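Residue numbers (this note's numbering): 429 to 1023. Even for Gly, the Cβ is constructed at its ideal location relative to N, Cα and C. Computed from a predicted model, the values in this text were never measured in an experiment. Shown next, in structure tokens, is the structure this report addresses.
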């Protein structure tokens, strides 16, 4: 039976989950004593303590915290081995994240630590020691910090497999002996020194001594990591690119990252600059002048969208095109040839460059002056210019339409905002990939975009948009992006671009492909819905509900015997900050949000 089906207004259970009960009486008493001791210590008036006592308490509590965390690795290993996490959806890290209300990334790190530092169980039931026994013993005693453990693990991760077990055990024992006495920054040189002694050859290949062809060195894996978006909308990350991508980036930056070019803060910056020197070769606008265009393409940009219009690197419509060359040399192959005066002449005798006149020399100097003035006004650093150049290239790539479609929609940036925020000109818009964009940036992006109006009723539900087929249409997906913003499964943060259109009532059971009967579900959580044991169910809230038009996910009875529905607020944080004040049931409770 499903509880909180959308009509009563009660859509879940308490916001803060109650403390889980321990069934074993002896174990429950032990845990209660620990919690009582911590609560009693917290109630002490620490203002009356001496500084010596404060130092002692902080140090001993630090030791105790490390010790409890170290012992929890064994408990976690046993829970995983005995399938104690099967009541939660998803992988082991996802289940741990759900249980402890932490991120899946942090849960995955804890699972990996438990695999190396916790006791293990053999198939026969025999208890096996940790993979790093000396490290685990010191950690359980509270003598090691997390940084100590990280450096020891890194040491063994890079140790060659040819090192025998006895040497490995002795090396770990020596590392732990020093780690309990040294701070992590003092411990780092010890680790490096021991690594040089245990593995003096480093990446040396023994085949080189035998006259064999040496094995090619393994290239580092190329990657591009974009971190989570910060409160200010900015995102940090890191990358390691291969030579091919570096060549592309360098070519882009040499053109579009020059000072004064594509400057968003300068409405008169050079947004497309083709210049040639007096020899007909590419130049940087220095002495000698050029015949390139240095003004912005028409229509001229305003202060709002400076440096962000559709003209850019590959727009050659009103400048010197590649086909018209302008770069002619001896072997250009463009069917033109330079004459004695340095001008380019076509094979039919016509002038391949602009018509020469007496004002050519006069126009070159002003063009160069414009470029120099724009460069002088450019206060960006080199890295900031690289950022703006890459943004320009990506915008042109998305606008080209050459990337095809993804889940029924063109590969492009889809941004949604409310009419209220648009009129106010402040706040944030949401993208289909789950990131925030300021309204001012969204308005500037909209100057290059196709606009799509989605209308919702007074209860926040999308107006009727039905379809007789099973697959949701592109129009319906756009409405779902504006309404759900991402996966509707509780606490899931996957964006709309990762999601399928899910029928709240299954299509095979007579469910309709109407916008009121659809919701977003990512690939992992979409597979959790079903009729069997351990499966989830979905329903829709009605107009009288506290959150009308939203999707309720009902967990299996193993998680909640009443199967009370849960709503995902991860994509709608404004609902948590500003909960609705009016709803039909005054006894309405906020649904609990696990993990």
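Whole-angstrom distance between residue 997 and residue 1005, CA atom to CA atom: Numbered from its first residue, the chain shown carries residue 1005 at position 577. Numbered from its first residue, the chain shown carries residue 997 at position 569. Their Cα atoms are separated by approximately 10 Å.
Cβ pair residue 925, residue 874 closer than 8 Å: Indexing the chain shown from 1 puts residue 925 at position 497. Indexing the chain shown from 1 puts residue 874 at position 446. No, the pair does not count as a contact, with Cβ atoms beyond the cut-off.
Cα-Cα separation between residue 837 and residue 542, rounded to whole angstroms: Within the chain shown, the letter at position 409 stands for residue 837. Within the chain shown, the letter at position 114 stands for residue 542. Spanning the two alpha carbons is a distance of roughly 43 Å.
DSSP three-state assignment for residue 389, whether helix, strand or coil: Any property of residue 389 remains undetermined from this structure, which presents the chain solely from 429 to 1023.
Beta-bridge pairing of residue 858 - partner residues as DSSP gives them: Within the chain shown, the letter at position 430 stands for residue 858. BP columns for residue 858 point to 844, 864.
Residue 945 in three-state terms, based on DSSP: Locating residue 945 in the chain shown gives position 517, where the first residue counts as 1. Residue 945 falls in the helix class under three-state DSSP.
Every unbroken alpha helix (DSSP H) within the stretch 460-526, with a cutoff of 4 residues, ordered by chain: 479-509
Exposed unless 16 or more other CB atoms sit within 10 angstroms - verdict on residue 466: Here the question's residue 466 lines up with position 38 in the chain shown. Its Cβ having fewer than 16 others within 10 Å, residue 466 is exposed.
Rounded separation between residue 513 and residue 520 - CA only: Numbered from 1 along the chain shown, position 85 holds the residue referred to as residue 513. Numbered from 1 along the chain shown, position 92 holds the residue referred to as residue 520. Distance between the alpha carbons of residue 513 and residue 520 is about 7 Å.
Three-state secondary structure (DSSP) of residue 554: As a first step, residue 554 is located in the chain shown; it is residue number 126 there, counting from the start. Residue 554: coil per DSSP, three-state reduction.
Residues bridged to residue 548 (per DSSP): As a working note, residue 548 is residue 120 in the chain shown. Note: residue 548 sits in a beta bridge opposite 556.
Residue 676 - containing alpha helix (DSSP H), residue span: Numbered from 1 along the chain shown, position 248 holds the residue referred to as residue 676. Segment 671-684, the alpha helix (DSSP H) holding residue 676.
Three-state class that DSSP yields for residue 997 in the structure shown: Taking the first residue of the chain shown as 1, we reach residue 997 at position 569. In the structure shown, residue 997 sits in coil (DSSP, three-state: anything other than H, G, I, E or B).
Host alpha helix (DSSP H) of residue 910 (start-end): Residue mapping note: residue 910 aligns to position 482 of the chain shown, counting from 1. It spans 902-911 - the alpha helix (DSSP H) in which residue 910 sits, taken as one unbroken run.
Contact check, residue 607 vs residue 550, beta carbons under 8 Å: Locating residue 607 in the chain shown gives position 179, counting from the first residue. Locating residue 550 in the chain shown gives position 122, counting from the first residue. No; because the gap between Cβ atoms is not below 8 Å, this pair is not in contact.
With 16 other Cβ atoms within 10 Å as the buried cut-off, status of residue 811: Residue mapping note: residue 811 aligns to position 383 of the chain shown, counting from 1. By the 10 Å Cβ count, residue 811 comes out exposed.
Span separating the alpha-carbon of residue 484 from that of residue 477: For the purposes of this step, residue 484 is identified with residue 56 of the chain shown, where counting begins at 1. For the purposes of this step, residue 477 is identified with residue 49 of the chain shown, where counting begins at 1. If you take the alpha carbons of residue 484 and residue 477, they lie about 11 Å apart.
Straight-line Cα distance separating residue 849 from residue 717: For the purposes of this step, residue 717 is identified with residue 289 of the chain shown, where counting begins at 1. For the purposes of this step, residue 849 is identified with residue 421 of the chain shown, where counting begins at 1. Here residue 717 scores only 37 on pLDDT, less than 50, and its place in the model is too uncertain to base an answer on.
DSSP-derived helix/strand/coil call for residue 973: For the purposes of this step, residue 973 is taken as the residue at position 545 of the chain shown. In this structure, residue 973 counts as coil in the three-state DSSP scheme.
Nearest candidate by alpha-carbon position, reference residue 696, set 684, 801, 650: In the chain shown, the residue the question calls residue 696 occupies position 268. The candidate whose alpha carbon is nearest that of residue 696 is 801.
Residue 1025 - containing beta strand (DSSP E), residue span: No answer is possible for residue 1025: it lies beyond the span of the chain, which begins at 429 and ends at 1023.
Anticipated Cβ contact below 8 Å, residue 610 with residue 619, distance rounded: Taking the first residue of the chain shown as 1, we reach residue 610 at position 182. Taking the first residue of the chain shown as 1, we reach residue 619 at position 191. The pair is not a contact, with the Cβ atoms about 10 Å apart (cut-off 8 Å).
Three-way DSSP call (helix, strand, coil) for residue 663 in this model: One-based indexing of the chain shown puts residue 663 at position 235. Correct three-state label for residue 663: strand.
Among 939, 954, 914, 971, the one whose alpha carbon lies nearest that of residue 999: Locating residue 999 in the chain shown gives position 571, where the first residue counts as 1. Among 939, 954, 914, 971, the Cα nearest to that of residue 999 is on 914.
Cβ shell of residue 498 (< 6 Å), same chain only, five flanking positions each side left out: Translated into positions along the chain shown, residue 498 becomes position 70. Contacts found: 567, 568.
Host beta strand (DSSP E) of residue 449 (start-end): Taking the chain shown and counting its residues from 1, the one referred to as residue 449 is at position 21. First-last for residue 449: undefined, no H or E at that position.
Residue of 950, 959, 500, 972 minimising C-alpha distance to residue 937: In the chain shown, the residue the question calls residue 937 occupies position 509. Ranking the options by Cα distance to residue 937, first place goes to 959.
Neighbourhood of residue 803 by C-beta, 6 Å cutoff - its chain only, sequence neighbours within 5 removed: Start at 1 with the first residue of the chain shown, and residue 803 comes out as number 375. Cβ within range, chain order: 687, 688.
Cut-off 6 Å between Cβ atoms - residues of its own chain near residue 1030, not counting five sequence neighbours on either side: The displayed coordinates of the chain run from 429 to 1023. Any statement about residue 1030 would go beyond what the structure contains.
Outcome for residue 669 when other beta-carbon atoms lying within 10 angstroms are tallied against a minimum of 16: Within the chain shown, the letter at position 241 stands for residue 669. Exposed, by the Cβ-count rule.
Under the three-state DSSP convention, the category residue 839 falls into: Here residue 839 refers to the residue found at position 411 of the chain shown. Correct three-state label for residue 839: coil.
Nearest candidate by alpha-carbon position, reference residue 685, set 528, 813, 833: Numbered from 1 along the chain shown, position 257 holds the residue referred to as residue 685. It is 813 whose Cα lies nearest to the Cα of residue 685.
Chain-order list of residues whose beta-carbon lies under 6 Å from that of residue 495 (same chain, five-residue window excluded): In the chain shown, counting from the first residue as 1, residue 495 sits at position 67. Hits under 6 Å: 568, 570.
Simplified DSSP assignment, three categories, for residue 923: For the purposes of this step, residue 923 is taken as the residue at position 495 of the chain shown. Here residue 923 sits in strand by DSSP.
Selection from 559, 563, 845, 663 that minimises the alpha carbon distance to residue 602: As a working mapping, residue 602 is identified with position 174 in the chain shown. The shortest Cα separation from residue 602 among 559, 563, 845, 663 belongs to 563.
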